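Here is the structure we will look at.
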Amino acid sequence: MAVNDSNLQATIETDAGYGQLFAVLLRRRFWLLGVFCLVLPIAILNALNKPPVYESSMQLLVESNYQEKQEGKEVAQEFADSSVEIDYATQLNLMRSSNLVQQALDLLSPEYPDIKVDDFTEDLNVSQLEEGKDQETKIFEIVYTSDDPLKTQKALEAIQRVYQDYNLEQQKLRLSEGLAFINKQLPEARQNLVRAETALEQFRKNHNVIDPTEEAKAVSETLESIKSERQKIKADYQEAQASYNTRQQQLELSPQDALIASRLSQSSRYQALLDELQKTELALAEQRTTFTDEAPNVQQLLEQRQSQLTLLQGEVERVLGGTPIPSNISEEGLLREGQLVETDQKLAEELLTLQKQLLALQARDQSLAQTEQQLRGELARLPQLIADYNRLQPEVEIQSATLQRLLEAQQKLGIEIARGGFKWQVVEAPELGEQTGPNTKVDILLGVIVGLFLGGVAAFVREAVDDSVHTADDLKKQVAVPLLGIVPGLPLASASRRIINLPFGKPKFTAPSLKQTVYWLPFRESLDLIYKNIQLLHSGSDISSLVVTSALAGEGKSTLVMGLALSAARLHQKVLLIDANLRHPMLHIQLDLPNEEGLSTLLADETTVPSPVRISPAGSNIDILTAGPIPTDPVMLLSSPRMKELMAKFEQTYDLVLLDTSPILGKVDAIEAASCCSGVVMVGRIDMITQSELMEAMAMLGKFNVIGMIANDGRKAKDNSAAYVEQYNSSSLRVYKPPIDAHEFNHNGSSSIIKENLALNTRELGGDK
Numbered sequence: 000m001a002v003n004d005s006n007l008q009a010t011i012e013t014d015a016g017y018g019q020l021f022a023v024l025l026r027r028r029f030w031l032l033g034v035f036c037l038v039l040p041i042a043i044l045n046a047l048n049k050p051p052v053y054e055s056s057m058q059l060l061v062e063s064n065y066q067e068k069q070e071g072k073e074v075a076q077e078f079a080d081s082s083v084e085i086d087y088a089t090q091l092n093l094m095r096s097s098n099l100v101q102q103a104l105d106l107l108s109p110e111y112p113d114i115k116v117d118d119f120t121e122d123l124n125v126s127q128l129e130e131g132k133d134q135e136t137k138i139f140e141i142v143y144t145s146d147d148p149l150k151t152q153k154a155l156e157a158i159q160r161v162y163q164d165y166n167l168e169q170q171k172l173r174l175s176e177g178l179a180f181i182n183k184q185l186p187e188a189r190q191n192l193v194r195a196e197t198a199l200e201q202f203r204k205n206h207n208v209i210d211p212t213e214e215a216k217a218v219s220e221t222l223e224s225i226k227s228e229r230q231k232i233k234a235d236y237q238e239a240q241a242s243y244n245t246r247q248q249q250l251e252l253s254p255q256d257a258l259i260a261s262r263l264s265q266s267s268r269y270q271a272l273l274d275e276l277q278k279t280e281l282a283l284a285e286q287r288t289t290f291t292d293e294a295p296n297v298q299q300l301l302e303q304r305q306s307q308l309t310l311l312q313g314e315v316e317r318v319l320g321g322t323p324i325p326s327n328i329s330e331e332g333l334l335r336e337g338q339l340v341e342t343d344q345k346l347a348e349e350l351l352t353l354q355k356q357l358l359a360l361q362a363r364d365q366s367l368a369q370t371e372q373q374l375r376g377e378l379a380r381l382p383q384l385i386a387d388y389n390r391l392q393p394e395v396e397i398q399s400a401t402l403q404r405l406l407e408a409q410q411k412l413g414i415e416i417a418r419g420g421f422k423w424q425v426v427e428a429p430e431l432g433e434q435t436g437p438n439t440k441v442d443i444l445l446g447v448i449v450g451l452f453l454g455g456v457a458a459f460v461r462e463a464v465d466d467s468v469h470t471a472d473d474l475k476k477q478v479a480v481p482l483l484g485i486v487p488g489l490p491l492a493s494a495s496r497r498i499i500n501l502p503f504g505k506p507k508f509t510a511p512s513l514k515q516t517v518y519w520l521p522f523r524e525s526l527d528l529i530y531k532n533i534q535l536l537h538s539g540s541d542i543s544s545l546v547v548t549s550a551l552a553g554e555g556k557s558t559l560v561m562g563l564a565l566s567a568a569r570l571h572q573k574v575l576l577i578d579a580n581l582r583h584p585m586l587h588i589q590l591d592l593p594n595e596e597g598l599s600t601l602l603a604d605e606t607t608v609p610s611p612v613r614i615s616p617a618g619s620n621i622d623i624l625t626a627g628p629i630p631t632d633p634v635m636l637l638s639s640p641r642m643k644e645l646m647a648k649f650e651q652t653y654d655l656v657l658l659d660t661s662p663i664l665g666k667v668d669a670i671e672a673a674s675c676c677s678g679v680v681m682v683g684r685i686d687m688i689t690q691s692e693l694m695e696a697m698a699m700l701g702k703f704n705v706i707g708m709i710a711n712d713g714r715k716a717k718d719n720s721a722a723y724v725e726q727y728n729s730s731s732l733r734v735y736k737p738p739i740d741a742h743e744f745n746h747n748g749s750s751s752i753i754k755e756n757l758a759l760n761t762r763e764l765g766g767d768k
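Under numbering that gives the first Met the number 0, the first residue of the sequence shown is numbered 0, with each subsequent residue one higher.
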C-alpha cells in the first residue's frame with residue numbers, strides 16, 4: 000500500500016496527561032537534577048548566612064477623639080477644631096507618619112545614631128487588633144524587628160513615649176483651639192445675620208440680575224446654536240477649500256495669476272497684438288537661421304518685435320487697470336498668461352469664485368467666534384453669580400439658626416473640656432526581643448521547591464526544543480503506516496569468546512549488536528513477531544523482496560535486516576540477504592565474510608557469476624550476497640536495468656529477498672533499490688531520529704509500497720537479559736560454498752546449488768539481451 004503525502008503530514012494531537020509529563024521529567028532527569036543541584040546549594044548557603052531576626056511588641060489602648068455617644072455631641076464636634084478630630088483609620092496613619100518616627104529616632108540617637116527614618120519605618124509595624132471577623136478593637140499593636148534584641152525593646156519604649164506625648168498634645172490642642180473657635184464664631188454670627196440681608200439686596204442691584212439660573216440657561220441655548228452654525232460653516236469651508244485646491248491644481252496658477260490671465264484672455268486687442276508678436280517671433284527665428292543679428296532684415300525684425308512688445312505692455316496696463324502686475328512675470332510670461340483656452344478660462348473664473356466664497360465663510364466664522372467668545376465670557380461669570388445668589392438668599396435664616404447652635408455648642412463644649420479628655424493606656428509593655436528568624440528549614444525547603452520548579456522548567460524547555468522521537472507511540476503517531484513491532488535495546492555482551500565462528504574468518508569479534516542479533520532471545524522473538532506481522536498484513540499479496548532502510552545512518556537497519564532474515568529462515572523460507580549499501584557496506588565486516596566479489600561486480604559485469612555465501616545460524620540457512628568492491632557511481636549501478644532483472648530472477652529463486660541499503664536522507668540509493676522490490680520496511684531508532692527527518696524520509700518513499708515501521712531500541716532491556724547471550728555463546732555459524740557439479744536446485748532444501756543456479760540465471764539475463 001502506497002503512503003500518501005497528505006497522510007504523512009497528518010499528526011494526532013493528544014492530551015498531555017500526567018503520564019506524559021512524568022515521562023518528560025524522567026527523560027530529562029539530568030536537566031532537572033542539574034538545575035536542582037545548582038539551586039539547592041545556593042539556597043542552603045543563603046539560609047545559613049542569614050542574620051538573626053529579633054522581634055518585640057507592645058499594645059496601647061487608644062480612645063478615639065472622634066466620639067459621638069452623647070446626645071448633641073455632634074454640634075460641639077462640628078464647631079471644634081477639625082484638625083484634631085480624627086477616627087481610628089486616620090489615627091493609625093498618623094502613628095505611622097515620618098514625623099512621629101523622627102521624634103522617636105531623636106530619642107534613640109545617643110545609642111543608635113545610624114538609624115534612618117526609612118529603615119526604621121520598614122521595620123516598624125503598627126496595626127489595629129481585631130476581635131473576630133471585621134470587629135476592630137481600640138487596641139493598637141506596635142511590633143519592631145531588628146538584629147539586636149535590646150534595640151527592639153528600646154525602640155518600642157521610645158515609640159511609646161512619643162505616642163503618649165502626641166496624645167497629650169492632641170488633648171491640649173483640642174481644649175484650647177475648640178473653645179477659642181466657638182468664642183470667635185459667636186460675634187461673627189451676630190454680625191453676619193445683619194450683613195446677610197444687606198448683601199442679598201446689594202447683589203441684585205450690582206449685577207442687574209433677578210435669577211442667574213434662568214439667564215445661564217438662555218446663554219447656553221444661544222451657544223449651542225452658534226456651535227451648530229460654526230460646524231456647518233466649517234463643513235462648507237472644507238468643501239470649498241477642497242474644490243479650490245482641485246481647480247488650482249488643474250489650472251496650475253495662483254489666484255492673482257488666474258485673475259490676470261482671465262482678463263487678458265478676454266481682451267481682443269491684446270490677443271491680436273499677441274498674434275502679431277508671435278508671427279514676428281517666427282519670422283525672426285527663420286531669419287536667424289540664415290543671417291546674424293547684424294543683418295538689416297534681422298535688425299528690422301528685432302525693432303518690430305520691440306515695438307510690438309511695447310504696445311502689448313501698454314495693452315496689459317490698460318486691461319488690468321489698478322491690478323498690480325507681479326514682478327516675476329517676464330515678457331515670455333505675458334505671452335503665456337494671455338493664452339488661456341476656454342476650459343482654462345472657465346477654471347480661472349471658478350477659482351476666483353471659490354476664493355471669494357472662502358473669504359466670506361471665513362469672515363462669517365470669525366464673527367460667530369467673537370459672539371461665542373462674548374457669550375462664554377458672560378457664561379463664565381454666571382456660575383459665581385448663581386453660587387452667590389444661592390448662598391445669599393437663605394443667608395438670613397441660616398445665620399439665625401447658626402447663632403442659636405453656637406450658643407448651644409459653647410455650653411456643651413465647655414462641659415467636655417472640663418472632663419479632661421482621655422489618656423492612652425499601655426496594655427502590654429515592650430520587652431526584650433525574641434528571635435523569630437531565620438527559619439533555616441523553611442528556607443531550605445523553599446530552596447528545594449524552587450530548585451525542583453526551575454529544574455522542571457529547564458526540563459520542559461529542553462523537551463520543547465527537542466524534535467527527536469522518544470517512544471514507539473510517538474513514532475507511530477508521526478507516520479501513516481502500521482507499526483510492525485518494537486525491537487528492544489541490546490545489552491552489552493561479554494567479549495570473552497566469539498559468537499559467530501566462520502572457517503575462513505579472521506580471529507576478531509563482531510560488533511556487539513550483531514552478536515546479540517543471532518542469539519539474544521528477546522531480540523529474536525521480537526523479530527519473529529515483526530516478520531509474522533508482515534505476513535499477516537500482506538497475506539493476500541506476494542511480498543517476495545523487501546528493502547530495509549532508515550532515514551539516518553546508525554539506526555540499526557543492518558542488524559534488523561539480519562534478524563528478519565533469520566526469522567524468515569527459521570520459518571523454512573529460502574532467504575537471500577543482499578548488502579545493497581554500495582557506499583558503506585557493513586555485512587561482510589560484521590560477519591567476517593569475503594567481499595572481493597558481490598553485488599557491485601554482478602551489476603558492473605554481466606558475465607560475472609554471483610557467489611552468495613551461506614551461513615547457518617541456529618540450524619537455519621541464509622544466503623548472503625555481499626556488496627562487493629565500492630563502485631565509483633553506486634546510483635548508476637542500482638538504477639540499471641540489470642538490477643531489476645537480477646531482482647526478478649532472485650525473486651523466482653528465493654522465497655524472500657532482503658536488501659540492506661543506504662540511509663534515505665541525502666542519498667538516492669535506497670529509492671533506486673526500492674523501485675526494484677515489492678515493499679519497503681522503515682527502521683527508526685528511538686531517541687535518535689527527529690520528527691522532521693522521519694517525515695522527510697517517509698515523504699521520499701511516498702510512491703512506494705511502505706509495509707510498515709520498526710521501532711528500534713523502543714524499550715530498554717533489563718540487565719539480566721544478557722544471560723541469554725551466554726546461553727548461546729557455545730553455538731557457531733557454519734559458512735560454506737556448495738559444490739559446483741550439482742545437477743539441479745532442490746526447492747525442498749535437501750541440497751543447495753547456489754552458485755550454479757545463480758550462474759544459470761545470469762546466463763539467462765545475458766541471453767535476454
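Cβ coordinates follow ideal geometry from the N, Cα and C atoms, glycine included. Note that the structure is predicted; figures quoted are calculated from it, not measured.
Item: The stretch 195-205 touching the stretch 351-361, judged by at least three CB pairs closer than 8 Å; Value: no
Item: Own chain residues within Cβ distance below 7 Å of G766, not counting five before or after; Value: In this prediction, G766 has a pLDDT of 40, which is less than 50 and means its spatial position is unreliable; nothing more can be read from the coordinates.
Item: Local Cβ density within 10 Å of F448, reported as buried at 16 or more and exposed below that; Value: Checking the sequence, you will find Ile at residue 448 rather than Phe. By the 10 Å Cβ count, I448 comes out exposed.
Item: P611 vs L602 beta-carbon contact at 7 Å; Value: no
Item: Which of helix, strand or coil DSSP assigns to I170; Value: One detail in the question is off: residue 170 reads as Gln in this sequence, not Ile. In this structure, Q170 counts as helix in the three-state DSSP scheme.
Item: Own chain residues within Cβ distance below 8 Å of G707, not counting five before or after; Value: V480, P481, L482, L483, N532, I533, L536, V680 and M681
Item: Proximity of D622 and S566 at Cβ, strictly below 7 Å; Value: no
Item: M585 (DSSP reduced to helix, strand or coil); Value: coil
Item: Per-residue DSSP class, three states only, for V724; Value: Residue confidence is low: V724 scores 38 on pLDDT, short of 50, so the model does not pin down where it sits. Its coordinate-derived value is still stated next. If DSSP states are grouped into helix, strand and coil, V724 belongs with the helices.
Item: Local Cβ density within 10 Å of S97, reported as buried at 16 or more and exposed below that; Value: exposed
Item: Nearest-angstrom Cβ-Cβ length linking M57 and A428, presumed shorter than 8 Å; Value: 6 Å
Item: Buried/exposed call for C675, threshold 16 Cβ in 10 Å; Value: buried
Item: Extent of the continuous alpha helix (DSSP H) to which E430 belongs; Value: Taken as a continuous stretch (DSSP letters only), E430 belongs to no alpha helix (DSSP H), as it is neither H nor E.
Item: Candidates L590, V208, L300 and D659, of which the one nearest L283 by Cα; Value: L300
Item: Sequence-distant residues of the same chain with beta carbon closer than 6 Å to Q19, five excluded per side; Value: none
Item: Coil, strand or helix - T786 by DSSP; Value: Any property of residue 786 remains undetermined from this structure, which presents the chain solely from 0 to 768.
Item: Any 3 or more C-beta pairs closer than 8 Å across the stretch 464-473 and the stretch 37-54; Value: no
Item: Cross-strand partners of G553 (DSSP beta bridge); Value: Partner(s): none; G553 has no beta bridge.
Item: Range covered by the alpha helix (DSSP H) that runs through D578; Value: Where D578 is concerned, there is no enclosing alpha helix (DSSP H), although the beta strand (DSSP E) it sits in stretches over V574 to D578.
Item: Sequence-distant residues of its chain with Cβ nearer than 7 Å to A458 (five each side left out); Value: V23, L24, R27, W30 and L31
Item: At least three beta-carbon pairs within less than 8 Å, the stretch 631-649 to the stretch 546-562; Value: no
Item: Nearest-angstrom Cβ-Cβ length linking L123 and Y143, presumed shorter than 8 Å; Value: 5 Å
Item: L575 versus V34: straight-line alpha-carbon distance, rounded; Value: 53 Å
Item: Same chain, Cβ closer than 7 Å to D387, five either side skipped, listed in chain order; Value: F202
Item: Continuous alpha helix (DSSP H) stretch holding S97: start and end; Value: S97 to L107
Item: Expected contact under 8 Å - CB spacing of G450 and L39 to nearest Å; Value: 5 Å
Item: Close beta carbons around P51, own chain, < 8 Å, minus the five adjacent residues each side; Value: D146, Q434, G436 and P437
Item: Beta-carbon contacts of T439 that lie in its chain and below 6 Å, excluding the five residues immediately before and after; Value: A46
Item: Cα-Cα separation, A696 to Q690; Value: 10 Å
Item: The stretch 589-602 contacting the stretch 543-552, beta-carbon criterion three pairs below 8 Å; Value: no
Item: Inter-residue spacing [alpha-carbon to alpha-carbon] between V771 and R569; Value: The first residue shown for the chain is 0 and the last is 768, placing residue 771 beyond what the model contains.
Item: Option in K137, L693, L276 and Q159 with minimal Cα separation from T548; Value: L693
Item: Beta-bridge pairing of R684 - partner residues as DSSP gives them; Value: N711
Item: Beta-carbon spacing of G488, D686 below 7 Å; Value: no
Item: Nearest residue (CA-CA) to K150, options T401, A408, L358 and S108; Value: S108
Item: Status (buried if at least 16 other CB within 10 Å, exposed otherwise) for V486; Value: buried
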